[in-house]
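Protein chains in written order, with the numbering used here: chain A, 1 to 119; chain B, 120 to 281.
Read through the structure below, which is laid out as structure tokens, and then see the notes.
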């Protein structure tokens, strides 16, 4: 007789995303980045969408790359809202989701973007 | 068996300045509800409820509204209804009474609710004529519960007041 114990879903999900604009001159600081994420949730899921807490843990302003943290209940909503977000102040943009994991340590390394120095 | 299951939300419109009849059309109620869902639940909510949503019944005298929505998404409608503050220029709010699976269950609830409201109205009556009118209405709807009311002689002396 096997007994299966489940720990349930993970508490938080971590996403490594980057925001791409068609013209790279547009500068986005961390507050604007968070505001764009909230705007994406607002258009897709309305006021109840903006009620979910999304934390920007790290932000790289040069590459417009960030590590986001979201509760497991809002995870699929956040990812779908970021996917379908296309315009910000008449500029075309897109969110690229590079990595997703339930533990933050997994985002430390990405085998796709890792550059091996060739001698 | 594959069929669309619905939920019917029964609401009462409470106007700011209560008047007997306020001319509202079903179209206006539909647009206001759509706007509220779009505001609270975004494109997802608007898209998902758009297929099955319909204002089935609207009575401007009793200010009762019956809205149909698909069963899987009734909570989106139910949670957006309190955010409606006006229709056109009239300020009002939706008082949600009942959610039923069929129109018939909502009608049954409405009958019971009406009887309860008559009891409340009786306490609020100020003049004797109003009391008599409410009492007559109460007797009439209790007699309608499957009894043969042709045999009942309506007696003016029947007074239930203390």
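We put the beta carbon where it would ideally sit given N, CA and C, even for glycine.
Small disclaimer: the values here were computed from a predicted structure and weren't measured.
Requested in this report: Determine, using beta carbons only, whether residue 51 of chain A and residue 81 of chain A come nearer to each other than 8 angstroms.
Outcome: By one-based count along the first chain, residue 51 of chain A stands at place 51. By one-based count along the first chain, residue 81 of chain A stands at place 81. Contact flag unset, no.
Report task. Have a look at B:135, B:226, B:198 and B:260 and flag the residue whose alpha-carbon is nearest the alpha-carbon of residue 238 of chain B. Result -> For the purposes of this step, residue 238 of chain B is taken as the residue at position 119 of the second chain. Comparing Cα positions, the closest option is B:260.
Query raised in the report: Considering residue 119 of chain A, what are the terminal residues of the alpha helix (DSSP H) in which it resides?
Result: Taking the first chain and counting its residues from 1, the one referred to as residue 119 of chain A is at position 119. Premise fails: residue 119 of chain A is in no alpha helix (DSSP H) and is neither H nor E.
Query raised in the report: Between residue 200 of chain B and residue 155 of chain B, is the Cβ-Cβ spacing less than 8 angstroms?
Result: Residue 200 of chain B sits at position 81 when you count from the first residue of the second chain. Residue 155 of chain B sits at position 36 when you count from the first residue of the second chain. In this structure, residue 200 of chain B places its C-beta atom within 8 angstroms of the C-beta atom of residue 155 of chain B.
Query raised in the report: So, does the CB of residue 52 of chain A fall closer than 8 angstroms to a CB anywhere in chain B?
Result: The count along the first chain starts at 1 and reaches residue 52 of chain A at position 52. No, its Cβ sits nowhere closer than 8 angstroms to a Cβ of chain B.
**Report entry** Below-8 angstroms beta-carbon distance, residue 49 of chain A vs any chain B residue
**Finding:** In the first chain, the residue the question calls residue 49 of chain A occupies position 49. Output row for residue 49 of chain A: interface = yes.
Report task. Examine the ligand NAP and report whether any of its heavy atoms sits within less than 7 angstroms of the Cβ of residue 28 of chain A. Result -> Judged by which ligands are present, the structure shown has none, so any question about the ligand NAP falls away.
Query - Cβ neighbours of residue 104 of chain A in the same chain (closer than 6 angstroms, five flanking residues each side left out) - result: By one-based count along the first chain, residue 104 of chain A stands at place 104. Taken in chain order, the residues that qualify are 14.
Query raised in the report: What are the complete alpha helix (DSSP H) segments, minimum 4 residues, inside the stretch 7-58 of chain A?
Result: 30-50
Query raised in the report: residue 22 of chain A: buried (16+ other C-beta within 10 angstroms of its C-beta) or exposed?
Result: Numbered from 1 along the first chain, position 22 holds the residue referred to as residue 22 of chain A. That one is exposed.
Requested in this report: Helix, strand or coil for residue 212 of chain B, going by three-state DSSP, please let me know.
Outcome: In the second chain, counting from the first residue as 1, residue 212 of chain B sits at position 93. Three-state DSSP puts residue 212 of chain B in a strand.
Query raised in the report: Assuming residue 127 of chain B contacts residue 203 of chain B under a Cβ cut-off of 8 angstroms, what Cβ separation, rounded to an integer in Å, is found between them?
Result: Here residue 127 of chain B refers to the residue found at position 8 of the second chain. Here residue 203 of chain B refers to the residue found at position 84 of the second chain. Their Cβ separation, rounded to whole angstroms, is 18 angstroms, which puts residue 127 of chain B and residue 203 of chain B out of contact at 8 angstroms.
Query - Three-way DSSP call (helix, strand, coil) for residue 92 of chain A in this model - result: The residue given as residue 92 of chain A occupies position 92 in the first chain. Assignment of residue 92 of chain A by DSSP, reduced to helix, strand and coil, places it in the strand class.
Query raised in the report: What is the residue span of the beta strand (DSSP E) that residue 284 of chain B lies within?
Result: The structure shown has nothing for residue 284 of chain B, since chain B only spans 120 to 281.
Query raised in the report: DSSP beta-bridge partners for residue 206 of chain B?
Result: Your numbering for residue 206 of chain B matches position 87 in the second chain. Looking at the DSSP assignment, residue 206 of chain B forms a beta bridge with B:209.
Query raised in the report: Anyone know if the C-beta pair for residue 193 of chain B and residue 44 of chain A falls short of 8 angstroms?
Result: Mapped onto the second chain, residue 193 of chain B falls at position 74. Mapped onto the first chain, residue 44 of chain A falls at position 44. Taking 8 angstroms as the Cβ cut-off, residue 193 of chain B and residue 44 of chain A do not qualify as a contacting pair.
Query raised in the report: In chain B, what lies closer than 9 angstroms to residue 44 of chain A by C-beta?
Result: Translated into positions along the first chain, residue 44 of chain A becomes position 44. Those are 161, 162 and 163, listed as they occur along chain B.
Query raised in the report: Anyone know if the C-beta pair for residue 135 of chain B and residue 214 of chain B falls short of 8 angstroms?
Result: Numbered from its first residue, the second chain carries residue 135 of chain B at position 16. Numbered from its first residue, the second chain carries residue 214 of chain B at position 95. Cβ distance not < 8 angstroms, so residue 135 of chain B and residue 214 of chain B don't count as in contact.
Query raised in the report: Along the chain, which unbroken stretches of the beta strand (DSSP E) at least 3 residues long are found entirely within the stretch 137-173 of chain B?
Result: Runs of the beta strand (DSSP E) inside the stretch 137-173 of chain B: none found.
Report task. Please name the residue in B:159, B:230, B:180 and B:181 whose C-alpha comes closest to that of residue 198 of chain B. Result -> For this step, residue 198 of chain B is matched to residue 79 along the second chain. Ranking the options by Cα distance to residue 198 of chain B, first place goes to B:159.
Requested in this report: Within its chain, find whatever has a CB closer than 6 angstroms to the CB of residue 212 of chain B; leave out the 5 residues flanking it on each side and keep chain order.
Outcome: Within the second chain, residue 212 of chain B is the residue found at index 93, counting from 1. Taking residue 212 of chain B as the centre and dropping the five residues before and after it, the same chain places the C-beta of 133 closer than 6 angstroms to its C-beta, in chain order.
**Report entry** residue 191 of chain B at chain A interface by Cβ criterion, 8 angstroms
**Finding:** For this step, residue 191 of chain B is matched to residue 72 along the second chain. Not one chain A Cβ lies under 8 angstroms of residue 191 of chain B.
Report task. Could you spell out where the beta strand (DSSP E) holding residue 127 of chain B opens and where it closes? Result -> For this step, residue 127 of chain B is matched to residue 8 along the second chain. Where residue 127 of chain B is concerned, the enclosing beta strand (DSSP E) stretches over 125-134.
Query raised in the report: Is there contact here, the stretch 4-19 of chain A with the stretch 54-72 of chain A, by at least three beta-carbon pairs under 8 angstroms?
Result: Three or more beta-carbon pairs drawn from the stretch 4-19 of chain A and the stretch 54-72 of chain A are found closer than 8 angstroms, and the two stretches are therefore classed as touching.
Query - Within-8 angstroms CB hit, residue 158 of chain B to chain A - result: Counted from its first residue, the second chain places residue 158 of chain B at position 39. By the rule that beta-carbons nearer than 8 angstroms mark a contact, residue 158 of chain B touches chain A.
Report task. Could you check the C-alpha separation between residue 49 of chain A and residue 77 of chain A for me, to the nearest Å? Result -> As a working mapping, residue 49 of chain A is identified with position 49 in the first chain. As a working mapping, residue 77 of chain A is identified with position 77 in the first chain. Roughly 8 angstroms between the two C-alpha positions.
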